Ligand code: GLN
């Protein structure tokens, strides 16, 4: 039997609320009090919906009193990355260009969360249009890491990671195009999951790079992340890339253990560029899996070393097309000009930040006639090589292991050069290019006592073994006292 969940997990809160032992309104108030105390320093949110959240929590309490089933996430406070559309609530992507735009519909994931009884407390800060690894590219100012407020929380879903790490909500959603859930999870010491491409509907997620984007959970425990994924996953006809298949029963298998599980440690992601403290924790996590009965071996996945170069052509190419819709006519900001063309130029010049402009220019260049074959076409071929090398590795292994991020959290303002910033994603990007699943699990600390995340990678729809390995890593993780001694 599994031990009772810690009192502040989503599982424990939902169980207590459904049993009538706690009221959803009390739970909400407790979290709002924490937000009020620490949010001015952390800045996890673009907007806190205290007023709108209360009637939702009250309705959950009424349903419990009436003997109805209020859903798997009954009364659980939850934060949403501010690139997920919420009906009647501004959705900004942390960009000035969306200022004043209020979505007329909810994203599919939001609909599913509301139907499961979750209480949305706010929309979280991100790097503008999810482009970045530190949340410093937000037009509304950076988010700070709750573990050490002189440091970044990672990005682009830094607000969602920080909200969970600070106890503002036990669970939150982010989006991951090249690592934006897993890297901030690692830097903030929480669990973060990038599900298989197509497992979670992207309908209502403002698109960055559509062949890579995926929505996924943040949580303090592997079990909470599994619960949240089960709520949001599943076929949605509104997203043409959604997999027409039932949601895998992840939670049912969390405690099955790892005896006989074949685990491969990716050699290319353990050497150059990876901080020795981080690599040491990953090796310890691998040893812990072996001690729990898994077989662990090193494996070479050669093409992953080209992931970063391919991604920084493919993702900007798709972004340059997706972001063309922000033209001053249909959404948000408009800065007038003498002609329509001038108005569009003025709007996009004033509305987009530097990193977004850099990506649009990179992408437009990579797609332009004369350069298409040399850049975009070549990158797509590299993508195929990455898929091929992963397929070979997954013939011999059920899951793979690597660091999530090459370093622990860095200080705000420490990285100025975009190319250095891009290196944050060397371990996470290959998964997105392949359309596979991967997640980050906290495992001890590195330099300055900062959290380290271990990445568990799995093939497409390999969520069940991935979560089993993650649960075993979590169970073996050093406690904070052990880690600091
Ligand atoms: N940091 C990466 C980028 O800037 C990944 C972002 C993401 O996953 N949204 O593109």
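In my numbering, the protein residues as written are -18 to 466. Ideal Cβ placement from N, Cα and C applies to all residues, glycine included. Since we're looking at a predicted model, the values are computed, not measured.
- Pairwise C-beta distances place the stretch 55 to 72 in contact with the stretch 96 to 104, as three or more of them are shorter than 8 Å.
- For residue 314 against residue 332, the beta-carbon gap comes to about 5 Å, under 8 Å, which counts as contact.
- If you ignore the 5 residues before and after residue 141, its C-beta comes within less than 7 Å of the C-beta of 60, 62, 105, 153, 154, 155, 199, all in its own chain and listed in chain order.
- DSSP places residue 214 within a strand segment (E or B) once states are collapsed to three.
- Proximity of the stretch 206 to 217 to the stretch 179 to 198 meets the contact definition, three or more beta-carbon pairs being nearer than 8 Å.
- With contacts defined as CB atoms closer than 7 Å, residue 448 and residue 207 qualify as a contacting pair.
- Taking all protein chains in view, the Cβ of residue 226 is surrounded by fewer than 16 other Cβ atoms within 10 Å, so the residue is classified as exposed.
- Excluding sequence positions up to five before and after residue 250, its CB lies within less than 6 Å of the CB of 383, 408, all in the same chain and listed in chain order.
- Annotation for residue 17: the continuous alpha helix (DSSP H) segment containing it runs 5 to 23.
- Between the alpha carbons of residue 436 and residue 26 lies a gap of roughly 26 Å.
- Taken atom to atom, the span from the alpha-carbon of residue 298 to that of residue 73 is near 22 Å.
- Under the three-state reduction of DSSP, residue 377 is assigned to helix.
- The stretch 112 to 156 is shown to contain whole alpha helix (DSSP H) runs of 4 or more residues at 139 to 146, in chain order.
- DSSP, reduced to helix, strand and coil, places residue 442 outside both helices and strands of the structure shown, so it counts as coil.
- According to the DSSP assignment, residue 219 belongs to no alpha helix (DSSP H), since it is labelled neither H nor E.
- For the 7 Å CB-CB criterion, residue 137 and residue 107 form a contact.
- With respect to the C-alpha of residue 43, the residue from 377, 267, 345, -2 having the closest C-alpha is -2.
- Look at residue 182 here: in three-state DSSP terms it is coil, with no helix or strand label.
- Proximity of the beta carbon of residue 111 to the ligand GLN is indicated: a heavy atom of the ligand is located closer than 6 Å.
- In this structure, DSSP gives residue 246 an extended state, which the three-state scheme calls strand.
- Rounded to the nearest whole angstrom, the C-alpha separation of residue 24 and residue 337 is 21 Å.
- In the DSSP assignment, residue 338 falls within the unbroken alpha helix (DSSP H) covering 335 to 348.
- Judged by the Cβ position, residue 72 fails to qualify as a neighbour of the ligand GLN at the 6 Å threshold, every heavy atom of the ligand being at least this far.
- DSSP lists 419 as the beta-bridge partner residues of residue 175.
- Scanning 328, 30, 54 for the CA closest to the CA of residue 304 turns up 328.
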